[in-house]
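Heads up: the sequence lines are chains A and B, in that order.
In terms of my numbering, the first sequence opens at residue 1 and continues consecutively.
In terms of my numbering, the second sequence opens at residue 327 and continues consecutively.
All residues carry an ideal CB built from backbone N, CA and C; glycine is no exception.
In what follows, a structure is listed as structure tokens, so that the remarks can point back to it.
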Amino acid sequence: MIWLNRYAKLVALSTLLLIGAGGMVTSTGSGLSVPDWPNTYGWFMFTFPMSKWVGGIRYEHTHRLIASTVGFLTIILAIWTWRVEPRAWVRRLALAALGTVILQGLLGGLTVILLLPPAVSIGHAALAQLFFCITVTLALVTSPSWTAGASSLDDPMLPKITLATTTLVYCQILIGATMRHIGAGLAIPTFPLAFGHVLPPEWTTAIGVHFAHRMGAVVVLLAVANSTAHIWHWHRPQRDLIRPATLLLLLVCSQATLGALVVMSALQPIINTAHVVNGALVLGTSLVLTLRVFRRTLQQPAIGDVKTSRQSHIPLLDQDLREVRG
Amino acid sequence: MYLNQLRPFLTVLLMALAFGCGGQGGQAPAAPPANARRVDQSKAGNVTGRVTIEGTVPENPPIEIDGDPYCSQQNPKGATAEIFAVDGGGLENVFVYVKDGLGDYWFDVPTEPVKLDQHACRYQPHVLGIRAGQKLAISNSDDTLHNVHALATANPGWNKGQSLKNIVDEKVFTKPEVMVQFKCDVHNWMHAYVGVLEHPYFAVTRDGGKFALNDLPAGTYTVEAWHEKLGTQTQTVTLGDKESKELTFTFKSAAARAN
Numbered sequence: 001m002i003w004l005n006r007y008a009k010l011v012a013l014s015t016l017l018l019i020g021a022g023g024m025v026t027s028t029g030s031g032l033s034v035p036d037w038p039n040t041y042g043w044f045m046f047t048f049p050m051s052k053w054v055g056g057i058r059y060e061h062t063h064r065l066i067a068s069t070v071g072f073l074t075i076i077l078a079i080w081t082w083r084v085e086p087r088a089w090v091r092r093l094a095l096a097a098l099g100t101v102i103l104q105g106l107l108g109g110l111t112v113i114l115l116l117p118p119a120v121s122i123g124h125a126a127l128a129q130l131f132f133c134i135t136v137t138l139a140l141v142t143s144p145s146w147t148a149g150a151s152s153l154d155d156p157m158l159p160k161i162t163l164a165t166t167t168l169v170y171c172q173i174l175i176g177a178t179m180r181h182i183g184a185g186l187a188i189p190t191f192p193l194a195f196g197h198v199l200p201p202e203w204t205t206a207i208g209v210h211f212a213h214r215m216g217a218v219v220v221l222l223a224v225a226n227s228t229a230h231i232w233h234w235h236r237p238q239r240d241l242i243r244p245a246t247l248l249l250l251l252v253c254s255q256a257t258l259g260a261l262v263v264m265s266a267l268q269p270i271i272n273t274a275h276v277v278n279g280a281l282v283l284g285t286s287l288v289l290t291l292r293v294f295r296r297t298l299q300q301p302a303i304g305d306v307k308t309s310r311q312s313h314i315p316l317l318d319q320d321l322r323e324v325r326g
Numbered sequence: 327m328y329l330n331q332l333r334p335f336l337t338v339l340l341m342a343l344a345f346g347c348g349g350q351g352g353q354a355p356a357a358p359p360a361n362a363r364r365v366d367q368s369k370a371g372n373v374t375g376r377v378t379i380e381g382t383v384p385e386n387p388p389i390e391i392d393g394d395p396y397c398s399q400q401n402p403k404g405a406t407a408e409i410f411a412v413d414g415g416g417l418e419n420v421f422v423y424v425k426d427g428l429g430d431y432w433f434d435v436p437t438e439p440v441k442l443d444q445h446a447c448r449y450q451p452h453v454l455g456i457r458a459g460q461k462l463a464i465s466n467s468d469d470t471l472h473n474v475h476a477l478a479t480a481n482p483g484w485n486k487g488q489s490l491k492n493i494v495d496e497k498v499f500t501k502p503e504v505m506v507q508f509k510c511d512v513h514n515w516m517h518a519y520v521g522v523l524e525h526p527y528f529a530v531t532r533d534g535g536k537f538a539l540n541d542l543p544a545g546t547y548t549v550e551a552w553h554e555k556l557g558t559q560t561q562t563v564t565l566g567d568k569e570s571k572e573l574t575f576t577f578k579s580a581a582a583r584a585n
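This is the structure in structure tokens:
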């Protein structure tokens, strides 16, 4: 199981790399530099000569190759998990990862064939983050610390707070993806004020989406600060919660800084992509925190633990944990 | 068995793809109606003129051309964008055309294709006009790959790779559209603009901003001048039989900041 866990972590890291490569494609405007799919200028993708990786092709073709690699890694992950993992829900999650990565590949191809329609491109970006969440979850739930179990927490508020934070982060990423793919990244070209005002003096769809992303950033910052403060105040001895909560706060502060730099640098591709990758890290960290909180607040206490009022909500999880413990 | 079940879906998919690729192949121009009204050349007049720019002309920004060794080699001294081409105060690469007033005249579509070449990692020409239904021959004179991406709105958009030198693709726009932007996503500095019209009264300013719209029948016309950065200007002109008139369009360079 330890090797499966290490492999799941590799897949999650590869997915982060893939999100970065995809971010570079959008940031450099190279999405259609390879006009055909699944071939590359008529070549079979893996035989396309390196001498022809020029201009925007470098970004798009690299993205396709990394995507193919992640797809291949996910196939192995699904088979491996299916063969060795005793928990049925984890096996199903690995299969869901495979289904998601296949769908993601098809969406990627479709967006090229249909000339980057925003709806498909936004769907491609949204599904990428969802796939990353699945790989992070698999890496977490196959880890020794997860399967070893942990003492239960009696804090009915904490799962709500962390789940709300993760949901808000994902929604913020969706707004960000919409902003990127409708070309509204500089719809408000000034920061922190909008055209010198707190509220934009005129409204268009692009300005509205851009402004929503800025307001979303404020909401996410507050939600993360609230989660972190709550955990620091009430659960300071719980290192498995303190660490992701602190990391989440650091990441979200970096994310806000990067967001400001994206506007001030007029969409410089590397800064823009760093913003996308860091956004995925914010989401992944928030998800890890949420899953750990759910596991510890909703699980049945071990023998001798104090009972909580929410034991019956996840019988499957608890039963699976017992299976793993043997 | 599964293939049989999938056949209706595959058919729909293929039809959708065929529809999505519409406008890419050659399409025969429509035949003129029996009572087609044609311009009497013996009575036709001309509109000539010049497009100028007023104020300090913004500098064309330098372009980073180092992403492709071939393009760097073709542009050893670097390159700038082609937004402002000014000669003696005259603004070039402005598309001037009759926007309105022609009524129901019929104009045969030329059989000769209009040429758009990719040379030294640039579109040549940068701005051009074509008739709806006329073939556009797009060639690649470069020893590198280009993709030709037409961002049309009234016509179907398309994106075609040209990976070999001297390859030529012919495309047809069937509906009038001013302007269709062309771009190469491999070399993001490469842009061209194509004005598609149902009549032959268009020109692109050259030689110090000059243009000529010849063989116009008598009438009152709205003439528009389009520039990729400075926007559009329109003027109205009335022509009698065999009459020639001159128009001057003056763009203000300050408009570049607003657009």
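Could you list the residues in the stretch 53-71 of chain A with a C-beta less than 9 Å from some C-beta on chain B, going in chain order? Residues Val54, Gly55, Gly56, Ile57, Arg58, Glu60.
Alpha helix (DSSP H) containing serine 27 of chain A: first to last residue? According to the DSSP assignment, serine 27 of chain A belongs to the alpha helix (DSSP H) that extends over 2-27.
Are the C-beta of leucine 490 of chain B and some C-beta of chain A separated by less than 7 Å? By this cut-off, leucine 490 of chain B is not an interface position.
Nearest chain A C-beta to histidine 475 of chain B closer than 7 Å, yes or no? Yes, contact with chain A.
Nonlocal neighbours in the same chain, by C-beta distance under 6 Å from glycine 348 of chain B, ignoring five residues either side: Reliability fails at glycine 348 of chain B, whose pLDDT of 40 lies under 50, so the model's placement of it is uncertain and the value that follows must be treated cautiously. When the five nearest sequence neighbours on each side are left out, the beta carbons in the same chain lying within less than 6 Å of the beta carbon of glycine 348 of chain B are those of Pro482, in order along the chain.
Examine the Cβ distances between the stretch 172-191 of chain A and the stretch 211-219 of chain A and report whether three or more of them are shorter than 8 Å. Using a C-beta cut-off of 8 Å, the stretch 172-191 of chain A makes contact with the stretch 211-219 of chain A, since at least three inter-stretch Cβ pairs fall below that distance.
Identified DSSP bridge partners for glycine 557 of chain B: Residue pairing by DSSP places glycine 557 of chain B opposite B:His553 in a beta bridge.
Along chain A, which residues have their Cβ under 9 Å away from the Cβ of asparagine 514 of chain B? Neighbours of asparagine 514 of chain B on chain A, chain order: Thr28, Gly29, Ser30, Ser33, Gly55, Gly56.
In three-state DSSP terms, what is aspartate 430 of chain B? Three-state DSSP puts aspartate 430 of chain B in coil, outside helix and strand.
Consider the Cβ of leucine 115 of chain A: report whether some Cβ of chain B lies at a distance smaller than 7 Å. True, the Cβ-Cβ gap to chain B drops below 7 Å.
In the structure shown, what three-state DSSP assignment does phenylalanine 191 of chain A receive? Taken through DSSP and simplified to helix, strand or coil, phenylalanine 191 of chain A comes out as coil.
Rounded to the nearest angstrom, how far is the Cβ of glycine 56 of chain A from that of valine 512 of chain B, given a contact under 8 Å? Between valine 512 of chain B and glycine 56 of chain A the Cβ distance is about 5 Å, and since that is below 8 Å, they are a contact.
Give me the residue from A:Gly105, A:Thr137, A:Thr135 with the minimum Cα distance to glycine 123 of chain A. Distances from the CA of glycine 123 of chain A to each of A:Gly105, A:Thr137, A:Thr135 were compared; the closest alpha carbon is that of A:Gly105.
Same chain, Cβ closer than 7 Å to valine 120 of chain A, neighbours up to 5 away in sequence not counted: In its chain, beyond the 5 residues on either side, Leu107, Leu110, Thr111, Leu114 have a beta carbon closer than 7 Å to the beta carbon of valine 120 of chain A.
Segments assigned beta strand (DSSP E), at least 3 residues, entirely inside the stretch 245-294 of chain A: Given a length threshold of 3 residues, the stretch 245-294 of chain A has no whole run of the beta strand (DSSP E) inside it.
To the nearest angstrom, how far is the alpha carbon of aspartate 392 of chain B from that of proline 358 of chain B? One C-alpha to the other measures close to 50 Å.
Scan the stretch 123-135 of chain A for residues whose Cβ lies nearer than 7 Å to a Cβ of chain B and list them as they occur along the chain. If the cut-off is 7 Å between Cβ atoms, the stretch 123-135 of chain A has nothing near chain B.
Among the candidates B:Thr437, B:Glu496, B:Phe421, B:Lys536, whose CA atom is the shortest distance from the CA of valine 520 of chain B? The candidate whose alpha carbon is nearest that of valine 520 of chain B is B:Phe421.
Using a Cβ-Cβ distance under 7 Å, would tyrosine 170 of chain A count as near chain B? Using a CB distance cut-off of 7 Å, tyrosine 170 of chain A does not count as an interface residue toward chain B.
Closer than 8 Å by C-beta to glutamine 444 of chain B: which residues in its own chain qualify, once you throw out the five before and the five after it? Chain order, please. Contacts found: Gln450, Ile464, Ser465, Asn466, Ser467, Asp468, His472, Val474, Gln488, Cys510, Met516.
How many Å lie between glycine 281 of chain A and proline 35 of chain A at the Cα? Note that residue 281 of chain A is leucine in the sequence shown here, rather than glycine. If you take the alpha carbons of leucine 281 of chain A and proline 35 of chain A, they lie about 31 Å apart.
Should glycine 279 of chain A and isoleucine 175 of chain A be called a contact, given that it needs their Cβ atoms to be closer than 7 Å? Between glycine 279 of chain A and isoleucine 175 of chain A, the CB-CB gap reaches or exceeds 7 Å.
Simplified DSSP state of alanine 357 of chain B, which is helix, strand or coil: If DSSP states are grouped into helix, strand and coil, alanine 357 of chain B belongs with coil.
Within the same chain, show all residues whose beta-carbon is closer than 7 Å to that of proline 201 of chain A, passing over the 5 residues directly before and after it, in chain order. If we look at proline 201 of chain A and ignore the five residues flanking it on each side, its Cβ neighbours are Phe195.
Going by C-alpha to C-alpha distance, which of B:Gln399, B:Thr437, B:Lys568 sits closest to glutamine 367 of chain B? Of B:Gln399, B:Thr437, B:Lys568, the residue nearest in Cα terms is B:Lys568.
Ignore the nearest five residues each way along the sequence and tell me which others in threonine 391 of chain A's own chain have a CB closer than 7 Å to its CB. With chain A represented from 1 up to 326, any question about residue 391 of chain A goes unanswered, as that position is not in the structure.
Taking a Cβ distance cut-off of 7 Å, strictly less, list which residues of the stretch 444-478 of chain B are near chain A, in chain order. Per Cβ criterion, the list reads Thr470, Leu471, Asn473, His475.
Short of 7 Å in beta carbon distance, which residues of its chain neighbour glutamine 350 of chain B, apart from the five on each side in sequence? Order them along the chain. Reliability of the predicted coordinates at glutamine 350 of chain B is poor, the pLDDT of 44 falling under 50, and the value obtained from them is presented with this limitation in mind. Residues of the same chain with a CB within less than 7 Å of the CB of glutamine 350 of chain B, apart from the 5 flanking positions on each side, are Trp484, Lys497 in chain order.
Kindly identify the DSSP beta-bridge partner or partners of glycine 521 of chain B. Residue pairing by DSSP places glycine 521 of chain B opposite B:Gly455 in a beta bridge.
So which residues on chain E does lysine 486 of chain B lean against when the C-beta distance must stay under 7 Å? Checking the listed chains, one finds no chain E in this structure; the protein chains it contains are A and B.
Which bits of chain B does tyrosine 41 of chain A rub up against, with CB to CB less than 8 Å? Within chain B, the residues near tyrosine 41 of chain A are Leu471, Gly487, Ser489.
If we count the other Cβ atoms within 10 Å of its Cβ and call it buried at 16 or more, is glutamine 129 of chain A buried or exposed? So glutamine 129 of chain A counts as buried.
Alpha-carbon spacing of arginine 87 of chain A relative to threonine 142 of chain A, whole angstroms: Each residue's alpha carbon lies about 10 Å from the other.
Return no unless some Cβ of chain A is closer than 7 Å to the Cβ of glycine 404 of chain B. It does not; no Cβ of chain A falls within 7 Å.
Please compile the residues from chain A whose C-beta is within a distance smaller than 9 Å of the C-beta of aspartate 533 of chain B. Counting only Cβ-Cβ distances below 9 Å, aspartate 533 of chain B has no contacts in chain A at all, with the closest Cβ about 33 Å away.
Out of curiosity, what's the CA-to-CA distance linking threonine 360 of chain A and valine 11 of chain A? Since the first residue of chain A shown is 1 and the last is 326, residue 360 of chain A is not available in this structure.
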